[in-house]
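One structure is given here, and the rest of the page talks about it.
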């Protein structure tokens, strides 16, 4: 019999298609284990994961949806951006005490915007040495995140690939303990965040393992701070590529920038039943952003800026005239100055356009 591996994955119906490469790469690279994949979601039903179940059966693994109470979560946590994070991501607060079956004594958390590149068995079997959690060391975390955790008086926990002693956490903490720390995080940070909450709750009881052997972040910030050569070197030794993103939402399926590890994600995406949808959704995203850019351009044309400046100028001059009790001559001069300024602005704009054409 293969040894059991419990894995926790968060996703939602609208982003399930992007989880397929994470799930398949997990199964392909961990055939030394019988995987029980617990998908935590606020809206997934069994019918939604038919393709994922076929994949699990192919590799002798299991997928279990943990029913997540969305209303309860909304009443207890503050989610920053539901477009970026499924609400179920923060369902990890309920994982230990209400969601996981009693026979689960340890579990490994993975995020769905990842691809697994090697066996996680050694990490899963790590000696916890009396710790509640194990994860990559803070080596690849941004300096700003490290400073934040110092201010919050916690350790830097990387949730994207992390291991938890479920039995010990159930024994030593209650769900209210977790949610109480989350309230502090919301007060200090603005919204709930599982890395911050667990980093504070498990302070001095987190086992850190070399990040270069576990996970590398594939994004612009990593490329800028660590460089291409270091990133490629880590890809040879780490077991997880994490496609974290910022406001640009740069992902392998939405390549606003290209990262080396994107090819690894697409290797598994090619066999996905959602392969066509990746392109269709990408085109929708592009069209939406192109529309937003065009709207922005319309709002910042020189005509709009000039009109706004003129209106503001007139408003203040009128107020000044009223306060200073000026007569009709003042307002005629104001109107004349406004017309001269308008003509001068148009003339300057025309000359600049003629000059630009001459350079082409």
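In this note's numbering, the protein residues as written are 1 to 360.
The C-beta atom is built at its ideal place from N, Cα and C for all residues, glycine as well.
C-beta contact flag for residue 113 and residue 50 at 9 Å: Here residue 113 refers to the residue found at position 113 of the chain shown. Here residue 50 refers to the residue found at position 50 of the chain shown. Cβ atoms of residue 113 and residue 50: not closer than 9 Å.
Span of the alpha helix (DSSP H), counted from its first residue to its last, around residue 262: Mapped onto the chain shown, residue 262 falls at position 262. Residue 262 -> alpha helix (DSSP H) spans 262 to 269.
Rounded C-alpha distance that separates residue 287 from residue 268: One-based indexing of the chain shown puts residue 287 at position 287. One-based indexing of the chain shown puts residue 268 at position 268. C-alpha separation (whole angstroms): 26 Å.
C-alpha distance - residue 219 paired with residue 242, whole-angstrom precision: The residue given as residue 219 occupies position 219 in the chain shown. The residue given as residue 242 occupies position 242 in the chain shown. Taking the straight line from one Cα to the other gives about 9 Å.
CB of residue 201 within 9 Å of CB of residue 132, strictly: The residue given as residue 201 occupies position 201 in the chain shown. The residue given as residue 132 occupies position 132 in the chain shown. It is a contact, given that the beta carbons lie within the stated cut-off.
Sequence-distant residues of the same chain with beta carbon closer than 7 Å to residue 128, five excluded per side: By 1-based counting over the chain shown, the position of residue 128 is 128. Cβ neighbours of residue 128 beyond the five flanking positions: 134, 165, 207.
The stretch 270 to 277 / the stretch 184 to 198 touching (three or more Cβ pairs under 8 Å): No: fewer than three Cβ pairs fall under 8 Å.
Whole-angstrom distance between residue 96 and residue 102, CA atom to CA atom: On the chain shown, position 102 is the one that residue 102 refers to. On the chain shown, position 96 is the one that residue 96 refers to. Looking at the two C-alpha atoms, the distance is approximately 9 Å.
Exposure label - residue 283; buried when at least 16 CB within 10 Å: Taking the first residue of the chain shown as position 1, residue 283 is located at position 283. Answer is exposed; the Cβ neighbour count stays below 16.
Sub-9 Å separation of residue 93 and residue 107 beta-carbons: Translated into the one-based positions of the chain shown, residue 93 becomes position 93. Translated into the one-based positions of the chain shown, residue 107 becomes position 107. Taking 9 Å as the Cβ cut-off, residue 93 and residue 107 do not qualify as a contacting pair.
Same chain, Cβ closer than 7 Å to residue 193, neighbours up to 5 away in sequence not counted: Residue numbering aside, residue 193 sits at position 193 when the chain shown is read from its first letter. Cβ neighbours of residue 193 beyond the five flanking positions: 185.
Buried versus exposed, by CB contacts within 10 Å (16 or more), residue 5: Stepping through the chain shown from its first residue, residue 5 is reached at position 5. The C-beta of residue 5 has 16 or more other C-beta atoms within 10 Å across all chains shown, which makes the residue buried.
Alpha carbon of residue 20 to alpha carbon of residue 43, nearest angstrom: Counting from one through the chain shown, the residue named residue 20 turns up at place 20. Counting from one through the chain shown, the residue named residue 43 turns up at place 43. Answer to the nearest angstrom: the Cα atoms are 17 Å apart.
Which listed residue (100, 126, 33) has its alpha carbon closest to that of residue 2: Counting from 1 along the chain shown, the entry for residue 2 is found at position 2. The candidate whose alpha carbon is nearest that of residue 2 is 33.
Check: residue 171 C-beta below 8 Å from any heavy atom of the ligand ZN: Within the structure as shown, the ligand ZN is missing, as the structure has no ligands at all.
Residue 310 and residue 342 closer than 9 Å at C-beta: Along the chain shown, one-based indexing puts residue 310 at 310. Along the chain shown, one-based indexing puts residue 342 at 342. Yes. Within cutoff.
Helix, strand or coil at residue 115 according to DSSP, with G and I counted as helix: Residue numbering aside, residue 115 sits at position 115 when the chain shown is read from its first letter. Residue state, collapsed to three classes: strand.
Cα-Cα separation between residue 87 and residue 162, rounded to whole angstroms: What you label residue 87 is simply residue 87 of the chain shown in a count that begins at 1. What you label residue 162 is simply residue 162 of the chain shown in a count that begins at 1. Between residue 87 and residue 162, the C-alpha separation is close to 19 Å.
Delimiting residues of the beta strand (DSSP E) encompassing residue 208: Taking the chain shown and counting its residues from 1, one reaches residue 208 at position 208. First-last of the beta strand (DSSP E) with residue 208: 206 to 209.
Cα-Cα separation between residue 46 and residue 67, rounded to whole angstroms: For the purposes of this step, residue 46 is taken as the residue at position 46 of the chain shown. For the purposes of this step, residue 67 is taken as the residue at position 67 of the chain shown. Roughly 11 Å between the two C-alpha positions.
Selected residue, minimal CA-CA separation from residue 61, among 25, 48, 69: Here the question's residue 61 lines up with position 61 in the chain shown. For residue 61, the nearest C-alpha among the options comes from 25.
Top-ranked residue by Cα proximity to residue 182, from 91, 354, 350, 12: Your numbering for residue 182 matches position 182 in the chain shown. Considering only 91, 354, 350, 12, the residue with the shortest C-alpha distance to residue 182 is 91.
Pairwise C-alpha distance: residue 188 and residue 75: Position 75 of the chain shown holds residue 75. Position 188 of the chain shown holds residue 188. One C-alpha to the other measures close to 19 Å.
Straight-line Cα distance separating residue 317 from residue 111: Taking the first residue of the chain shown as 1, we reach residue 111 at position 111. Taking the first residue of the chain shown as 1, we reach residue 317 at position 317. Taking the straight line joining both Cα atoms gives about 58 Å.
N-terminal and C-terminal residue of the beta strand (DSSP E) that residue 36 is part of: As a first step, residue 36 must be located in the chain shown, where it is residue number 36. Segment 34 to 41, the beta strand (DSSP E) holding residue 36.
Length of the line joining the Cα atoms of residue 328 and residue 337: Residue mapping note: residue 328 aligns to position 328 of the chain shown, counting from 1. Residue mapping note: residue 337 aligns to position 337 of the chain shown, counting from 1. A straight line joining the alpha-carbon of residue 328 with that of residue 337 spans about 14 Å.
Residue burial classification, residue 257 (beta-carbon count within 10 angstroms, cutoff 16): On the chain shown, position 257 is the one that residue 257 refers to. It is exposed - the Cβ of residue 257 has fewer than 16 other Cβ atoms within 10 Å.
Cβ-Cβ distance between residue 211 and residue 125 below 9 Å: Translated into positions along the chain shown, residue 211 becomes position 211. Translated into positions along the chain shown, residue 125 becomes position 125. The answer is no: Cβ separation not under 9 Å.
Residue 136 - containing alpha helix (DSSP H), residue span: Indexing the chain shown from 1 puts residue 136 at position 136. For residue 136, there is no enclosing alpha helix (DSSP H); the enclosing beta strand (DSSP E) has its first and last residue at 133 to 136.
Inter-residue spacing [alpha-carbon to alpha-carbon] between residue 89 and residue 7: As a first step, residue 89 must be located in the chain shown, where it is residue number 89. As a first step, residue 7 must be located in the chain shown, where it is residue number 7. Whole-angstrom Cα-Cα distance: 14 Å.
Residue from 71, 173, 18, 53 with nearest C-alpha to residue 35: Translated into the one-based positions of the chain shown, residue 35 becomes position 35. The candidate whose alpha carbon is nearest that of residue 35 is 53.
Three-state secondary structure (DSSP) of residue 109: To locate residue 109, count along the chain shown from 1; it is residue 109. In this structure, residue 109 counts as strand in the three-state DSSP scheme.
Exposure label - residue 180; buried when at least 16 CB within 10 Å: Walking along the chain shown from the start, residue 180 turns up at place 180. When all chains shown are included, residue 180 counts as exposed.
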